[in-house]
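K.L.:
If you're matching them up, the sequences are chains V and E in order.
Quick note on numbering: the numbering used here labels position 53 of the first sequence as 56, and the sequence is numbered without any gaps.
Quick note on numbering: the numbering used here labels position 118 of the second sequence as 759, and the sequence is numbered without any gaps.
Would you mind keeping the following structure in view while I ask a few things?
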Amino acid sequence: MKSLIIIPAFNEEMNIEKVVKSLRENCPNHDYIVVNDGSSDHTADICRKNGFPLLNLPVNLGLAGAFQAGMKYAYIKDYDCAIQFDADGQHLAEYIDDLIEEMKTGKDIVIGSRFVTEKKPWSARMLGSRVISAAIFLTTGQRIKDPTSGMRLYNRSMIREFALNLNFGPEPDTVSHLVKRGAKVSEVQVQMQDRMEGESYLNFAKSITYMLRMTISILIIQNFRK
Amino acid sequence: MTVIFRMVLIVMSFGTMGYMLRKIHQAKMQIEESLFWFLFSVLLMVLSIFPQIATWATRLLGMMSTSNFIFLFIIFVLLVRMFYMTLKISQLDDRLKNFAQKMAIEENLREEQAKSEKNTQTCTNSTDFANDGGENGKHRLEQ
């Protein structure tokens, strides 16, 4: 399978080099591309200096826009599958092949999940994850244990959807929508790390709004989509 | 509130929601943006079906009539929304400006690069001819 690893990066000058180098070491057979989302730091320069394949967005589009740029690239270059991979060092390259193996059993989306065999802790941070899981279960009847995991593998037909359509952000509500439309989704146990350097995008207030937005979107608005 | 006013409110809120959901169905609006309109039409619906809430708030604020409260309330919500839209438009405008400027500068840089590459190419060509020792090079230089 011809696979592409898409690494959206916004102001990740401290992590990007380490992340891509570990990716090259652990999965030398896969192509990858860094999508620089209009960073104001040296992310693009570092990529050029190291010769990493780069899509350099001239303005900041946000995660959804940056990831879609990667999906468009994958669509045009005719890849069999594309994986979303964080530039902050959270995701571990060792698990990419596990995800691809799982996809070969006929899945459309494979999620790198923290909670297939491990138990989900009862922390405040995981409350949002539980609420979103419950919302997806209510509307689709499928249990997705780690809906907020950003490590997802998509097959060819999913690449097409993400590349060409509006409202296909790499978020749990899109996954829920796709499940409802008949996409086969499964999860593979992975480990994740805390981000290496720099600040996470999500603080407490943002997490709450994110959770509310996702819940309303999954429970109500997704029902009216085609 | 009169019955007619309530009916107008109910019809309006259902209309808003129906229109919005249709646009989502046609994939013409981003879900994030539609969330506001969804919550807004739910609010209108609640107020029109349970006017007691509005009456209670009217008394609390010491206002003359319930409809006044509802007007004020809706105007306030829309004002906030308009402010937010202005913010968004400013950001969009800024991004578009940046985008256009970057495109123009990059095009200029690329052209310059292409030109300098062309120049060096013709230089090496003419020296090749000259090194040929033959007529061609001289001929070319004379011309």
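Ideal placement from N, C-alpha and C gives every residue a C-beta, glycine not left out.
How far does the alpha helix (DSSP H) with residue 695 of chain E in it reach, from first residue to last?
P.N.:
Taken as a continuous stretch (DSSP letters only), the alpha helix (DSSP H) holding residue 695 of chain E covers 692-702.
K.L.:
Per the contact definition of three or more C-beta pairs closer than 8 Å, is the stretch 39-46 of chain V in contact with the stretch 109-123 of chain V?
P.N.:
The stretch 109-123 of chain V is not in contact with the stretch 39-46 of chain V.
K.L.:
Answer yes or no: does any C-beta atom of chain V fall closer than 8 Å to that of residue 693 of chain E?
P.N.:
Chain V, which has no Cβ nearer than 8 Å to the Cβ of residue 693 of chain E, makes this no.
K.L.:
Would you say residue 13 of chain V lies against chain E (beta-carbon separation less than 8 Å)?
P.N.:
Chain E contact via Cβ: absent.
K.L.:
Is it buried or exposed, residue 644 of chain E, if we count other Cβ atoms within 10 angstroms and call 16 or more buried?
P.N.:
The residue in question, residue 644 of chain E, is exposed, as its Cβ has fewer than 16 Cβ neighbours within 10 Å.
K.L.:
Below 8 Å on the Cβ atoms is my guess for residue 86 of chain V versus residue 8 of chain V; work out the distance and round it to an integer in Å.
P.N.:
Between residue 8 of chain V and residue 86 of chain V the Cβ distance is about 5 Å, and since that is below 8 Å, they are a contact.
K.L.:
Please classify residue 15 of chain V as buried or exposed, where buried requires at least 16 other C-beta atoms within 10 Å of its C-beta.
P.N.:
By the 10 Å Cβ count, residue 15 of chain V comes out buried.
K.L.:
Are there 16 or more other CB atoms within 10 angstroms of the CB of residue 151 of chain V, so buried, or fewer, so exposed?
P.N.:
Buried, by the Cβ-count rule.
K.L.:
In this structure, does DSSP put residue 154 of chain V in helix, strand or coil?
P.N.:
DSSP places residue 154 of chain V in coil when its eight states are reduced to three.
K.L.:
I think residue 58 of chain V touches residue 79 of chain V, with their Cβ atoms under 8 Å apart; what is that distance to the nearest whole Å?
P.N.:
Residue 58 of chain V to residue 79 of chain V, Cβ: 11 Å. No contact.
K.L.:
Using only alpha-carbon positions, find the residue among V:88, V:61, V:62, V:63 that is nearest to residue 74 of chain V.
P.N.:
Cα-wise, what sits closest to residue 74 of chain V is V:88.
K.L.:
Which residues does DSSP list as the beta-bridge partners of residue 160 of chain V?
P.N.:
Per DSSP, none; premise fails for residue 160 of chain V.
K.L.:
Comparing the C-beta of residue 61 of chain V with each C-beta of chain E, is any distance below 8 Å?
P.N.:
So yes, residue 61 of chain V belongs to the interface.
K.L.:
Nearest to residue 185 of chain V by CA position, among V:196, V:160, V:166, is which residue?
P.N.:
Checking every option, the nearest Cα to that of residue 185 of chain V belongs to V:160.
K.L.:
When you compare only the Cα positions, how much space is there between residue 703 of chain E and residue 710 of chain E?
P.N.:
Between residue 703 of chain E and residue 710 of chain E, the C-alpha separation is close to 10 Å.
K.L.:
What number of angstroms, rounded off, separates the C-alpha of residue 696 of chain E from the C-alpha of residue 45 of chain V?
P.N.:
In a straight line, the C-alpha of residue 696 of chain E is about 58 Å away from that of residue 45 of chain V.
K.L.:
Can you tell me which of the three DSSP states residue 63 of chain V falls into?
P.N.:
In the structure shown, residue 63 of chain V sits in coil (DSSP, three-state: anything other than H, G, I, E or B).
K.L.:
Name the DSSP bridge partner or partners of residue 35 of chain V?
P.N.:
Answer is V:8.
K.L.:
Which same chain residues, not among the five before or five after residue 109 of chain V, have their C-beta less than 7 Å away from its C-beta?
P.N.:
Within the same chain, residue 109 of chain V has close Cβ partners 187.
K.L.:
Can you have a look at residue 71 of chain V and say buried or exposed, based on whether 16 or more other CB atoms are within 10 angstroms of its CB?
P.N.:
Its Cβ being crowded by 16 or more others within 10 Å, residue 71 of chain V is buried.
K.L.:
Under 8 Å Cβ-Cβ, which residues of chain V neighbour residue 754 of chain E?
P.N.:
What residue 754 of chain E touches in chain V: nothing, since even the nearest Cβ is about 15 Å away.
K.L.:
Indicate the three-state DSSP secondary structure (helix, strand or coil) for residue 115 of chain V in the structure shown.
P.N.:
Three-state result, residue 115 of chain V: strand.
K.L.:
Please report the residue range of the alpha helix (DSSP H) in which residue 191 of chain V lies.
P.N.:
Per DSSP, residue 191 of chain V belongs to no alpha helix (DSSP H); it is in the beta strand (DSSP E), 188-192.
K.L.:
Where does residue 711 of chain E fall in DSSP's three states?
P.N.:
Helix, per DSSP.
K.L.:
What residues from chain E crowd round residue 168 of chain V, counting only those whose CB sits closer than 7 Å?
P.N.:
Those within 7 Å of residue 168 of chain V in chain E are 668.
K.L.:
Determine whether the Cβ of residue 650 of chain E lies closer than 8 Å to any Cβ atom of chain V.
P.N.:
Judged by the 8 Å Cβ criterion, residue 650 of chain E is not in contact with chain V.
K.L.:
Mind pulling the chain V residues with CB within less than 9 Å of residue 639 of chain E?
P.N.:
Past the edges of chain E, shown from 642 to 784, lies residue 639 of chain E, and the structure says nothing about it.
K.L.:
So, for residue 29 of chain V: in the same chain, excluding its five sequence neighbours on each side, which residues have a beta-carbon less than 7 Å away from its beta-carbon?
P.N.:
Only 96, 97 meet the Cβ criterion.
K.L.:
Pull up the distance between the alpha-carbon of residue 688 of chain E and that of residue 712 of chain E, whole angstroms please.
P.N.:
Cα-Cα distance, rounded: 12 Å.
K.L.:
Just checking: is the beta-carbon of residue 662 of chain E within a distance shorter than 8 Å of some beta-carbon in chain V?
P.N.:
Cβ-Cβ to chain V under 8 Å: yes for residue 662 of chain E.
K.L.:
To which residues does DSSP link residue 40 of chain V through a beta bridge?
P.N.:
Paired residues: V:60.
K.L.:
What residues in its chain sit with their C-beta under 7 Å from that of residue 653 of chain E, if we drop five residues either side in the sequence?
P.N.:
Taken in chain order, the residues that qualify are 685.
K.L.:
Which residues in chain V have a C-beta closer than 8 Å to the C-beta of residue 744 of chain E? List them in chain order.
P.N.:
Simply 61.
K.L.:
The beta strand (DSSP E) spanning residue 85 of chain V covers which residue range?
P.N.:
Note, residue 85 of chain V: beta strand (DSSP E), 84-87.
K.L.:
For residue 143 of chain V, collect the residues of the same chain with a Cβ closer than 7 Å to its Cβ; drop the 5 residues on either side in sequence, then sort them by chain order.
P.N.:
Once the five neighbours on either side are set aside, the close Cβ partners of residue 143 of chain V are 179, 182, 183.
K.L.:
By the three-class DSSP mapping on this structure, what secondary structure does residue 653 of chain E have?
P.N.:
In this structure, residue 653 of chain E counts as helix in the three-state DSSP scheme.
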